[in-house]
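**Student:** One structure is given below, represented as structure tokens, and several questions about it will come after.
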Amino acid sequence: MRPLRCLAVLLVLVLLPAAAWTLAPPRFPGPQPRARQGTNGVGAYEYETRYFRQRLDHFSFPGVGDEDEPAAFFQQRYLVGRGGGWAGPGGPIFFYCGNEGDITWFAANSGLVWEAAPRFAALVVFAEHRYYGESMPFGSKAKAYNNSKSLAYLTAEQAIADFAVLLTDLKRNLSAEGSPVVLFGGSYGGMLAAWMRLKYPHVAVGALASSAPILQFEDIVPSTIFYDLVSDDFKRESLSCFHTIKDSWKVLDEQGNGQDGLMKLSKTFHLCQTLKTSGDLSDWLSSAYSYLAMVDYPIPSEFLMPLPANPIKEVCRNIDSQPEGTSILERIYAGVNVYYNYTGTVGCFDLNDDPHGMGGWDWQACTEMVMPMSYSENRSMYPPYKFDYASYADSCIKSYGVRPRPRWITTEFGGHNITTVLEKFGSNIIFFNGLLDPWSGGGVLKNISESVIAIVAPLGTVLSPVYLQCLYAIHLYFLVLVTHNRINQCLFSPYLMQSDTAS
């Protein structure tokens, strides 16, 4: 097997991480590359777009007169791979659990699913998460996002139930009730894949959960871990760059509070509109640093933004190399311009742009996906901050009129000591993490049992193995072979033994 082909199996499946909620949800200002629609994915990946009539609420039972109301259902979009490589009924199904965004975008950037499928003669299916992309309840995004009542059905539990119902119906229609299903997902989608394996073990034989921070809730891991790891990535490249960023927050705040300060900041950072608060700019900068840590690939990429190889190195080079007399905020702009405008084609930045349709994550973070985030005093390049639930809840009440439930996720999905639950009740789950990825701090980094295992790439980021042309994969070749072996043993052995017995 060629090393570059092996690279696909290390893929940390997509995605867009859920963001740092101590500041604000991440933004994607400016033009953004989009996945192509229709029957073609990207390159050699081809799929057919289908829709499934899905229940809005899986956990209530409306009266006979109400169950046929149009609002009780919505059209869930899903993509089915084309190319004829599936073994047919009885052959495996690779099912990608959609994240907080347009499913075509994830399909275009999930090399593992597409590249591994022919090896196993598997059918590829990508299912879109409700309230994202085209899978909108109530007929439109405007109606779906109208208020807390219309958003009440945007939960992880409902999404996982969508996947289970869709899979069951799809297998029935394909006469493939005996086909084993392997779940895939990255970041939030990886969390869904792992949780679905726990909740619906009869629907899927196993799951590959990449960069899935299932431990990022309550106090299971330190609340500072995410931003500490982001900071470590910058400090590793340049100590002076690290300190420039660390010192910039105070300067930014002081200028924003000065006379015409917001106008001056807007001009310095080439914003399309004048800032209303300096906090909006702080959030924008923080989002850039976080995403740079997640996509610090050793090759050029266009997953989130068009970026050079080793983008953190390039950001720090721009910050450090400015001529004498350059202000600290001008240095910061020169750095983040690498992330937001590497092509040089963006005239100004819109801080409210959301081209991938991720706005629903704000709601999820304000209801059940409460991931406490803090800034440590010394290790972090951010100003010290301790997560405060009261202010967090006040913000959510102001935005949506809803109060977060910080302990609900652990109650619903395995408890506070979820590793013990996975050891005693879980099986056939592979967790993949790259240690340069800031979400790895909330991930499973050690084997829990013989069939709940962790694969760790010491130099990996959230998507470091996505691109098949990446020569960086060569030194991970051995790890890839191990991963292939464990996919076979961990996920398919029970199914294969059952098939042998039946025959």
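According to mature numbering (1 follows the signal peptide of the UniProt record, and there is no 0), the stretch in the sequence shown is residues -22 to -1, 1 to 481, in order. Backbone N, C-alpha and C define an ideal beta-carbon position, used for all residues, glycine too.
Leaving out five residues on either side along the sequence, give the residues of the same chain with a beta carbon under 8 Å from the beta carbon of N235.
**Tutor:** If we look at N235 and ignore the five residues flanking it on each side, its Cβ neighbours are S256.
**Student:** Suppose you measure from the CA of G393 to the CA of A368; what does that come to, to the nearest Å?
**Tutor:** Approximately 23 Å between the Cα atoms of the pair.
**Student:** Contact check, F30 vs Q54 under 8 Å by CB: the rounded distance?
**Tutor:** Contact flag correct, Cβ pair sits at about 5 Å.
**Student:** So, at 7 Å on beta carbons, what are the nonlocal neighbours of S128 in its own chain, with the 5 sequence-adjacent residues on each side left out?
**Tutor:** F116, K121, A122.
**Student:** How many angstroms separate the CA atom of A287 from the CA atom of V316?
**Tutor:** Each residue's Cα considered, the two are about 11 Å apart.
**Student:** Going by DSSP in three states, V208 sits in which element: helix, strand or coil?
**Tutor:** Of the three classes helix, strand and coil, the one that applies to V208 here is helix, per DSSP.
**Student:** According to the Cβ coordinates, are M359 and K224 closer than 7 Å?
**Tutor:** Yes, Cβ-Cβ distance for M359 and K224 is below 7 Å.
**Student:** Does the region 378 to 385 come close enough to the region 214 to 232 to have 3 or more Cβ pairs within less than 8 Å?
**Tutor:** Flag = no, the region 378 to 385 and the region 214 to 232 do not touch.
**Student:** Rank L57, D35, Q342 by C-alpha distance to the C-alpha of E47 and give the top, closest one.
**Tutor:** Out of L57, D35, Q342, D35 has the C-alpha closest to the C-alpha of E47.
**Student:** From K376 to A130, what does the alpha carbon distance come to, in whole angstroms?
**Tutor:** Cα to Cα, the separation comes out at about 16 Å.
**Student:** Measuring CB to CB, does L170 end up less than 7 Å from I138?
**Tutor:** Taking 7 Å as the Cβ cut-off, L170 and I138 qualify as a contacting pair.
**Student:** Residue range of the beta strand (DSSP E) that G412 falls in?
**Tutor:** 407 to 412 is the extent of the beta strand (DSSP E) around G412.
**Student:** In three-state terms, what does DSSP make of Q251?
**Tutor:** In this structure, Q251 counts as coil in the three-state DSSP scheme.
**Student:** I need the DSSP call for Y317, collapsed to helix, strand or coil.
**Tutor:** Looking at Y317 - three-state DSSP - the assignment turns out to be helix.
**Student:** What is the DSSP secondary structure of S165, counted as helix, strand or coil?
**Tutor:** Coil, per DSSP.
**Student:** Give me the Cα-Cα distance between Y388 and N395, rounded to the nearest whole angstrom.
**Tutor:** The residue asked about is misnamed: residue 388 is Thr in this sequence, not Tyr. Approximately 8 Å between the Cα atoms of the pair.
**Student:** State yes or no: is the C-beta of W339 within less than 7 Å of the C-beta of L132?
**Tutor:** Contact flag unset, no.
**Student:** So, with DSSP's three-state summary, where would you put Y311?
**Tutor:** Looking at Y311 - three-state DSSP - the assignment turns out to be helix.
**Student:** C294: buried (16+ other C-beta within 10 angstroms of its C-beta) or exposed?
**Tutor:** C294 should be labelled buried.
**Student:** Determine the direct distance from the alpha carbon of F247 to that of S305, and round the result to whole angstroms.
**Tutor:** Computed Cα separation, rounded: 12 Å.
**Student:** So, helix, strand or coil for G234, using DSSP?
**Tutor:** Residue state, collapsed to three classes: helix.
**Student:** Beta-carbon within less than 6 Å of E155's beta-carbon, same chain only, minus the 5 sequence neighbours each way: which residues are those?
**Tutor:** K149.
**Student:** Return yes when the Cβ of A271 is within less than 7 Å of the Cβ of D211, no when it is not.
**Tutor:** Yes, these two residues count as a Cβ contact at 7 Å.
**Student:** What did DSSP end up calling L285 once you bin it into helix, strand or coil?
**Tutor:** Strand, per DSSP.
**Student:** So, using beta-carbon positions, are T252 and S260 closer together than 7 Å?
**Tutor:** Result no, Cβ atoms of T252 and S260 do not sit closer than 7 Å.
**Student:** Taking its Cβ as the centre, do 16 or more other Cβ atoms sit within 10 Å of D366, making it buried, or is it exposed?
**Tutor:** Exposed is the call here.
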